[in-house]
C-alpha cells in the first residue's frame, strides 16, 4: 500500500492506495500516531483504496478518536463501492464523516 | 542455559565435520593419485621408489577416515582424533618423501580442525602438526627428495652429506619459521572456530526460545479452542433444534469466535464474532468479549441491552483500540421468536423451510468497543419448523484465491442453496469444501468461522 501525505498548513490529506489489511495497517498506524498532533483537519482520500480489512478499520477508528480528542474534523472521501460496503456493514458510517 | 543442550548441537556439528573432513581427504587422495600418474608419465621427476612410498602411503592414509566412518561407530567422540591423525600422518609421509611441495599441505589438518569449533582441539592439532612436520623434514633431509630450496641450509652441489650442522641449520632456517607460520595460521583458525562456536550457541538459544514460544502458543490455541463449545451434538436431549459450528484460525490463535448456550430452558443464544486484527492480542480480546457477552446474556437481558452494556465495559479498558463485530440472536424455542442484534457483523443468512437462503440485511449497528455510548437496535424474526440460520465471519466471504479474488457473498449463497436442505453439520462441511476449492493453493489470511442452526419447533416436541 502507498500513503501519499499532503500537508497544507494544519490541514492534512492522506491518500491511500492499494490494500489496507493486517500487513499494511501498521504503516498507516505509524503515520496516524506520529503526525496528527498538530493537524486541525484530516482528510482521508480513499479513491485508490481497493480493499479494507478489520485491521484497517481499527486504524481509521484510531484516527477518528484522535481527531475527536483534538476537537478537529476528519473527513473520509471517495471511498469505492467495496470499501463503502464495509463501512456500512460495520456501522462505521455512523461515526465517520463520509463524503 | 543448560550445558546439555549445547552439547547436543556440538555433537551434531562434530558428526558433520567428520563427514566433511573425510570428504576433503578423499579429494587429497585423488590429488596424490594424479601426481603419481603424472610422475609415471615422466612429467615430474621424483624417483620412482620415493614416489611409490609417498603415493601408496598417502592415498591409504587419506582414504582411511572414509573407511573408518563406514566400519566403526561413526558417532564415537574419538572419531575426530582418528580422522585428523590420518590426515597429519599422511602429510607427514608426503612431506618426508617430497618436502619441497608437500610443505604446502601442512595447513590442511589445522583448517579441517577449525570445523570442530574447539580452541583446544585446534591448538592440539598445531602441536602435533609441528612435531610431525619437524620429524618429516628431518627424514626428508636424510632420505627424501633433495630440496633445492634449502640452499642456505645444506650444500646441494655435491653428494648428500647430513651432519650435526646440517640438522641445526634445517631446524633453524626451515622448521622454526614454518612452525611459526603454522602458529599464525592456527590463530586465524581458532578465532574462526571461536566465533562460529558462539554463533552456534546463539542459534541453539534462539531455537530454544522459539520452541518455548511455540509450545506456549500451542497451549494458548488449546485454551482458546476449548473455550468454544465443541462437543456435537451439543444438546442431544433437545429436539427443537440442531446446531453445529466450526472455527479455523489462520494463525495459532485467532480473533474469531462463536458461542451458543441456553439462557434458560426456553431460550437459546447464538453468537458469532470477529475481533479486529489477529494473533495473541486479538485472542485475548476475544476471551474478554466472549465472557462478557455470555455473562450478560445469561441474566436474561434483551440482546440490545447486553450489547450496550458490554460495549461500555469493553471501551473502558481498550488502549490498543481493538474492536469486535458481533451478531447475536436469542431464540425462544417454544415459539420460534428470534430477537437479534448486529454490531457491525456480516449479515447472516436465513432459509425458510423449502425456500432459498437470503441475507438478513438491515442497518447494522457500530462495532463493539468502538465508541463509548453506542446504542444498538434489536431486530425480531419468527422462525418456523425447518428454517435454517447460517452465521459466518468475513474469513468466509473474504477468503482469497491466488489471483486475489474474494470468495464473496454470491458464491456463499450459491453453495448454501445448493445444499439448502442439509442439516447444519453437512451444510457447514459443504461450504468449507467449496471455500477450500476456491482458495486453492493461496494461504489462509483470516480465521474462518461458521455456525449453523436448524429449528424444528414444536413438531417433535410433543
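Residue numbers (the working numbering), protein chains in the order written: chain P, 239 to 337; chain L, -3 to 458.
Backbone N, C-alpha and C define an ideal beta-carbon position, used for all residues, glycine too.
inquiry  = Could you compute how far the alpha carbon of residue 456 of chain L sits from the alpha carbon of residue 421 of chain L?
reply    = As a working mapping, residue 456 of chain L is identified with position 460 in the second chain. As a working mapping, residue 421 of chain L is identified with position 425 in the second chain. Residue placement at residue 456 of chain L is flagged as unreliable, the pLDDT there being 46, under the threshold of 50; the coordinate-derived value follows with that caveat. Cα to Cα, residue 456 of chain L sits roughly 20 Å from residue 421 of chain L.
ask   = What does residue 363 of chain L reach in chain P if we use C-beta pairs closer than 7 Å?
value = Here residue 363 of chain L is taken as the residue at index 367 of the second chain, counted from 1. Ordered by position in chain P, the residues that pass the 7 Å Cβ test against residue 363 of chain L are 328, 329.
query = Based on the DSSP secondary-structure assignment, which residues constitute the bridge partners of residue 254 of chain L?
reply = Counted from its first residue, the second chain places residue 254 of chain L at position 258. L:268, per the DSSP bridge assignment.
key: Straight-line Cα distance separating residue 376 of chain L from residue 335 of chain L   = On the second chain, position 339 is the one that residue 335 of chain L refers to. On the second chain, position 380 is the one that residue 376 of chain L refers to. About 4 Å.
query = Around the Cβ of residue 260 of chain P, are there at least 16 other Cβ atoms within 10 angstroms (buried) or fewer (exposed)?
reply = Walking along the first chain from the start, residue 260 of chain P turns up at place 22. Buried, by the Cβ-count rule.
query = According to DSSP, is residue 102 of chain L helix, strand or coil?
reply = Here residue 102 of chain L refers to the residue found at position 106 of the second chain. DSSP places residue 102 of chain L in coil when its eight states are reduced to three.
key: Own chain partners of residue 240 of chain L with C-beta closer than 7 Å, once the 5 adjacent residues on each side are dropped   = Along the second chain, one-based indexing puts residue 240 of chain L at 244. 228, 420, 421, 424, 448.
query = Could one say the Cβ of residue 293 of chain P lies closer than 9 Å to chain L's Cβ atoms, at least one of them?
reply = Taking the first residue of the first chain as 1, we reach residue 293 of chain P at position 55. Interface residue, yes.
message = Within a Cβ cutoff of 7 Å, which residues of the same chain sit near residue 319 of chain L, ignoring the five residues on either side of it in sequence?
response = The sequence position of residue 319 of chain L within the second chain is 323, counting from 1. 272, 363, 364, 365, 366, listed in sequence order.
query = What is the rounded straight-line gap between the Cα of residue 263 of chain L and the Cα of residue 438 of chain L?
reply = Taking the first residue of the second chain as position 1, residue 263 of chain L is located at position 267. Taking the first residue of the second chain as position 1, residue 438 of chain L is located at position 442. One C-alpha to the other measures close to 41 Å.
query = What is the DSSP secondary structure of residue 347 of chain L, counted as helix, strand or coil?
reply = In the second chain, residue 347 of chain L corresponds to position 351, counting from 1. Reduced to three states, the DSSP call for residue 347 of chain L is strand.
query = Under a CB-based cut-off of 9 Å, is residue 394 of chain L close to chain P?
reply = Counting from 1 along the second chain, the entry for residue 394 of chain L is found at position 398. Chain P, which has a Cβ nearer than 9 Å to the Cβ of residue 394 of chain L, makes this yes.
inquiry  = the ligand FMN and residue 163 of chain L: does any heavy atom of the ligand fall closer than 8 Å to the residue's C-beta?
reply    = Ligands are entirely absent from the displayed structure, and the ligand FMN is therefore not among its contents.
query = Can we say the region 234 to 254 of chain L touches the region 204 to 221 of chain L, given the rule of at least three CB pairs closer than 8 Å?
reply = yes
request  = Mind listing the chain P neighbours of residue 270 of chain L? Cutoff is C-beta to C-beta under 9 Å, in chain order.
outcome  = Along the second chain, one-based indexing puts residue 270 of chain L at 274. In chain order: 292.
request  = Would you please state the rounded distance, in angstroms, between the beta carbons of residue 86 of chain L and residue 64 of chain L? I believe it to be under 8 Å.
outcome  = The sequence position of residue 86 of chain L within the second chain is 90, counting from 1. The sequence position of residue 64 of chain L within the second chain is 68, counting from 1. About 13 Å; that fails the 8 Å criterion.
query = Going straight from the alpha carbon of residue 147 of chain L to that of residue 160 of chain L, what length do you get?
reply = By one-based count along the second chain, residue 147 of chain L stands at place 151. By one-based count along the second chain, residue 160 of chain L stands at place 164. Residue placement at residue 147 of chain L cannot be trusted, given a pLDDT of 46 that sits under 50; the coordinates are not used to answer.
Inter-residue spacing [alpha-carbon to alpha-carbon] between residue 477 of chain L and residue 300 of chain P = Outside the displayed span of chain L (-3 to 458) sits residue 477 of chain L, for which this structure offers no information.
ask   = What did DSSP end up calling residue 425 of chain L once you bin it into helix, strand or coil?
value = Mapped onto the second chain, residue 425 of chain L falls at position 429. Residue 425 of chain L falls in the helix class under three-state DSSP.
request  = Using DSSP bridges, identify the partner residues of residue 326 of chain L.
outcome  = What you label residue 326 of chain L is simply residue 330 of the second chain in a count that begins at 1. In the DSSP output, where bridge partners are listed per residue, residue 326 of chain L has L:265, L:335.
message = Buried or exposed for residue 3 of chain L, going by 16 or more other Cβ atoms inside 10 Å?
response = By 1-based counting over the second chain, the position of residue 3 of chain L is 7. Exposed: under 16 other Cβ atoms inside 10 Å.
ask   = Do the CB positions of residue 351 of chain L and residue 453 of chain L come within less than 9 Å of each other?
value = Position 355 of the second chain, counted from the start, is the residue given in the question as residue 351 of chain L. Position 457 of the second chain, counted from the start, is the residue given in the question as residue 453 of chain L. In this structure, residue 453 of chain L does not lie closer than 9 Å to residue 351 of chain L by Cβ.
task = Select from the region 341 to 363 of chain L all residues with a C-beta closer than 7 Å to any C-beta belonging to chain P, and list them in chain order.
result = 342, 360, 361, 362, 363
Residue from P:332, P:248, P:291, P:296 whose Cα sits closest to the Cα of residue 268 of chain P = Working through the first chain from its first residue, we reach residue 268 of chain P at position 30. Residue P:296 is the option with its Cα nearest to residue 268 of chain P.
ask   = Between residue 282 of chain L and chain P, is there a C-beta pair that is closer than 9 Å?
value = The residue labelled residue 282 of chain L in the question sits at position 286 within the second chain. Not an interface residue.
ask   = Can you tell me the Cα-Cα spacing of residue 42 of chain L and residue 32 of chain L, whole angstroms?
value = Stepping through the second chain from its first residue, residue 42 of chain L is reached at position 46. Stepping through the second chain from its first residue, residue 32 of chain L is reached at position 36. About 9 Å.
key: Short CB-CB distance (under 9 Å) between residue 260 of chain P and chain L   = As a working mapping, residue 260 of chain P is identified with position 22 in the first chain. Yes, residue 260 of chain P lies at the interface with chain L (some Cβ there is under 9 Å from its Cβ).
request  = Between the Cα of residue 257 of chain L and those of L:231, L:281, L:279, spot the shortest distance and give me the residue it belongs to.
outcome  = Taking the second chain and counting its residues from 1, the one referred to as residue 257 of chain L is at position 261. Residue 257 of chain L has its Cα closest to that of L:231, out of L:231, L:281, L:279.
request  = Decide if residue 21 of chain L is buried, meaning its Cβ has at least 16 other Cβ atoms within 10 Å, or exposed.
outcome  = Along the second chain, read from residue 1 onward, the residue named residue 21 of chain L stands at position 25. Buried.
ask   = Can you name the residues of chain L whose CB is closer than 7 Å to the CB of residue 317 of chain P?
value = Here residue 317 of chain P refers to the residue found at position 79 when the first chain is read from its first residue. Here the premise fails: no neighbours, minimum Cβ distance about 16 Å.
task = Could you name the residues that DSSP lists as bridge partners for residue 465 of chain L?
result = Examination of residue 465 of chain L is not possible in this model, given that chain L is present from -3 through 458 alone.
task = Run the CB neighbour count on residue 66 of chain L, radius 10 Å, all protein chains shown included, and call it buried at 16 or more, exposed below.
result = Position 70 of the second chain holds residue 66 of chain L. Residue 66 of chain L is exposed by the Cβ-count criterion.
query = How is the beta strand (DSSP E) around residue 478 of chain L delimited, first residue to last?
reply = An answer regarding residue 478 of chain L cannot be provided, because it is not within the stretch -3 to 458 covered by chain L.
message = Once the 5 residues before and after residue 252 of chain L are set aside, which same chain residues still bring their CB inside 6 Å of it?
response = Position 256 of the second chain, counting from 1, holds the residue named residue 252 of chain L. Hits under 6 Å: 243, 270, 389, 443, 445.
inquiry  = Using C-beta distances below 8 Å, list every residue in its chain close to residue 135 of chain L, excluding the 5 sequence neighbours before and after it, in chain order.
reply    = Position 139 of the second chain, counted from the first residue, corresponds to residue 135 of chain L. Around residue 135 of chain L: 92.
task = Closer than 6 Å by C-beta to residue 285 of chain L: which residues in its own chain qualify, once you throw out the five before and the five after it? Chain order, please.
result = Taking the first residue of the second chain as 1, we reach residue 285 of chain L at position 289. 320, listed in sequence order.
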